[in-house]
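Heads up: the sequence shown begins at 9 in the numbering used here, then just goes up one per residue. Written below as structure tokens is the structure these notes are about.
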Amino acid sequence: MRLSARVASLTDVGRKRRNNEDNFIVCPLNGSPAAAGDEEHTFGLESPGLLMVVADGMGGHFGGEVASRLGVEDLVLQFLQKVQNPEVPPADPQDILRQAVEAAHKTVYAHSQAHNENLTMGTTLTAVWLIQSWATIAQVGDSRAYLFRDGNLVLLTQDQTIGNLLQSRGEESMMIGEEVKEMLTQALGAQPDIEVVTSAVELQQGDRMLLCSDGLYKLVPPEVLVECLEASGDASLIAGQLISRANENGGRDNITAILAEIRAA
Numbered sequence: 009m010r011l012s013a014r015v016a017s018l019t020d021v022g023r024k025r026r027n028n029e030d031n032f033i034v035c036p037l038n039g040s041p042a043a044a045g046d047e048e049h050t051f052g053l054e055s056p057g058l059l060m061v062v063a064d065g066m067g068g069h070f071g072g073e074v075a076s077r078l079g080v081e082d083l084v085l086q087f088l089q090k091v092q093n094p095e096v097p098p099a100d101p102q103d104i105l106r107q108a109v110e111a112a113h114k115t116v117y118a119h120s121q122a123h124n125e126n127l128t129m130g131t132t133l134t135a136v137w138l139i140q141s142w143a144t145i146a147q148v149g150d151s152r153a154y155l156f157r158d159g160n161l162v163l164l165t166q167d168q169t170i171g172n173l174l175q176s177r178g179e180e181s182m183m184i185g186e187e188v189k190e191m192l193t194q195a196l197g198a199q200p201d202i203e204v205v206t207s208a209v210e211l212q213q214g215d216r217m218l219l220c221s222d223g224l225y226k227l228v229p230p231e232v233l234v235e236c237l238e239a240s241g242d243a244s245l246i247a248g249q250l251i252s253r254a255n256e257n258g259g260r261d262n263i264t265a266i267l268a269e270i271r272a273a
């Protein structure tokens, strides 16, 4: 079955921040224009597919804004060069996406090193490549990708934090404060080398995929995510409800959501 995706993307500064350090893009890879924010579009998932990206920047002197924007822009540039180059033989989708993220990291890191005031700049980055009946996911940091299917919410990424690192090693973390547990172990542009984590999942008609920054999932608990995602309505309406819930619960950070509804083409 040929599939399509009905996609809505929204971002909000929240209630506590002065500027928005989140960035995102919904980019068809067939040469069509990227989708603007606050709009809903339908995209066919035939090759070369659709790229969706969420990035959450960090760093003083507007470094976070620069890092997230540069990371998203360069990832799209690198990715398009790989998937639209007829001279490059077909490769594993996870390898293609991983290499593009690694290249974007080098660009952000080089920029941070060239601008002394932004030595600590960096950004999370979570990208999903929808092509035919597959979603390929790449992650650096703690922006998340979820799959909602048949009433069940599945987290497709794992936050790359101190707390999760200690847990994976079987080490005790009870003596560590929550702020330390939530510190990132890596971010795009923040250190010389990164390890891009990739995965893939086969899509079904009726699936909903959510990409979001931590300003959403840290303020909207899983049961409320499920409540919103299982509701009927357009993708833009549901994405707007998710943003509103985060703001109602304090809106202490920037909030970004991309919601894709998988449909028959």
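For every residue, glycine included, the Cβ atom is placed at its ideal position computed from N, Cα and C. Keep in mind that this is a model prediction, so the values were computed, not measured.
Cutting at 6 Å between CB atoms, please list the residues of its own chain near Val-91, excluding the five before and the five after it.
What you label residue 91 is simply residue 83 of the sequence shown in a count that begins at 1. Hits under 6 Å: Leu-37 and Pro-56.
Taking all protein chains shown into account, decide if Asn-160 is buried (16 or more other Cβ within 10 angstroms of its Cβ) or exposed.
Here residue 160 refers to the residue found at position 152 of the sequence shown. It is exposed - the Cβ of Asn-160 has fewer than 16 other Cβ atoms within 10 Å.
Can you check which of these residues, Glu-235, Arg-253, Phe-70 and Leu-58, is closest to Asp-158 by C-alpha distance?
The count along the sequence shown starts at 1 and reaches residue 158 at position 150. Of Glu-235, Arg-253, Phe-70 and Leu-58, the residue nearest in Cα terms is Glu-235.
Buried or exposed: Met-217, going by 16 or more other Cβ atoms within 10 Å of its Cβ?
The residue given as residue 217 occupies position 209 in the sequence shown. Buried is the call here.
Quick check on the burial criterion: 16 or more other C-beta atoms within 10 angstroms. Buried or exposed for Glu-269?
The residue given as residue 269 occupies position 261 in the sequence shown. With 16 or more Cβ atoms within 10 Å of its Cβ, Glu-269 is classed as buried.
Who are the Cβ neighbours of Asn-257 in its own chain at under 8 Å, not counting the five residues just before and after it?
Translated into the one-based positions of the sequence shown, residue 257 becomes position 249. The answer, listed in chain order, is Leu-227 and Val-228.
From which residue to which residue does the alpha helix (DSSP H) around Arg-152 run?
On the sequence shown, residue 152 is found 144 positions in, with the first residue counted as 1. No alpha helix (DSSP H) contains Arg-152, which is instead part of the beta strand (DSSP E) from 152 to 157.
Tell me which same chain residues have a C-beta within less than 6 Å of the C-beta of Ala-111, skipping the five on either side of it?
Here the question's residue 111 lines up with position 103 in the sequence shown. Cβ neighbours of Ala-111 beyond the five flanking positions: Gln-86.
Looking at Ala-146: is its Cβ nearer than 7 Å to the Cβ of Val-109?
Start at 1 with the first residue of the sequence shown, and residue 146 comes out as number 138. Start at 1 with the first residue of the sequence shown, and residue 109 comes out as number 101. In this structure, Val-109 lies closer than 7 Å to Ala-146 by Cβ.
What is the DSSP secondary structure of Gln-147, reduced to helix, strand or coil?
Position 139 of the sequence shown holds residue 147. Here Gln-147 sits in strand by DSSP.
Terminal residues of the alpha helix (DSSP H) in which Ile-251 lies:
Counted from its first residue, the sequence shown places residue 251 at position 243. Start and end: 243 to 256.
Is the beta carbon of Leu-173 less than 7 Å from the beta carbon of Thr-193?
Counted from its first residue, the sequence shown places residue 173 at position 165. Counted from its first residue, the sequence shown places residue 193 at position 185. Result yes, Cβ atoms of Leu-173 and Thr-193 sit closer than 7 Å.
Within the region 158 to 228, note down every full alpha helix (DSSP H) run reaching 4 residues or more, in order along the chain.
Listed in chain order, the complete alpha helix (DSSP H) runs (minimum 4 residues) inside the region 158 to 228 are 170 to 176, 186 to 189 and 222 to 225.
Beta strand (DSSP E) containing Gly-259: first to last residue?
For the purposes of this step, residue 259 is identified with residue 251 of the sequence shown, where counting begins at 1. Where Gly-259 is concerned, there is no enclosing beta strand (DSSP E), given that its DSSP letter is neither H nor E.
Three-state secondary structure (DSSP) at Ser-76?
Counting from one through the sequence shown, the residue named residue 76 turns up at place 68. If DSSP states are grouped into helix, strand and coil, Ser-76 belongs with the helices.
Starting from Gly-65, follow its DSSP beta bridges and name the residues at the other end.
Residue numbering aside, residue 65 sits at position 57 when the sequence shown is read from its first letter. According to DSSP, which records beta bridges pairwise, Gly-65 is partnered with Thr-131.
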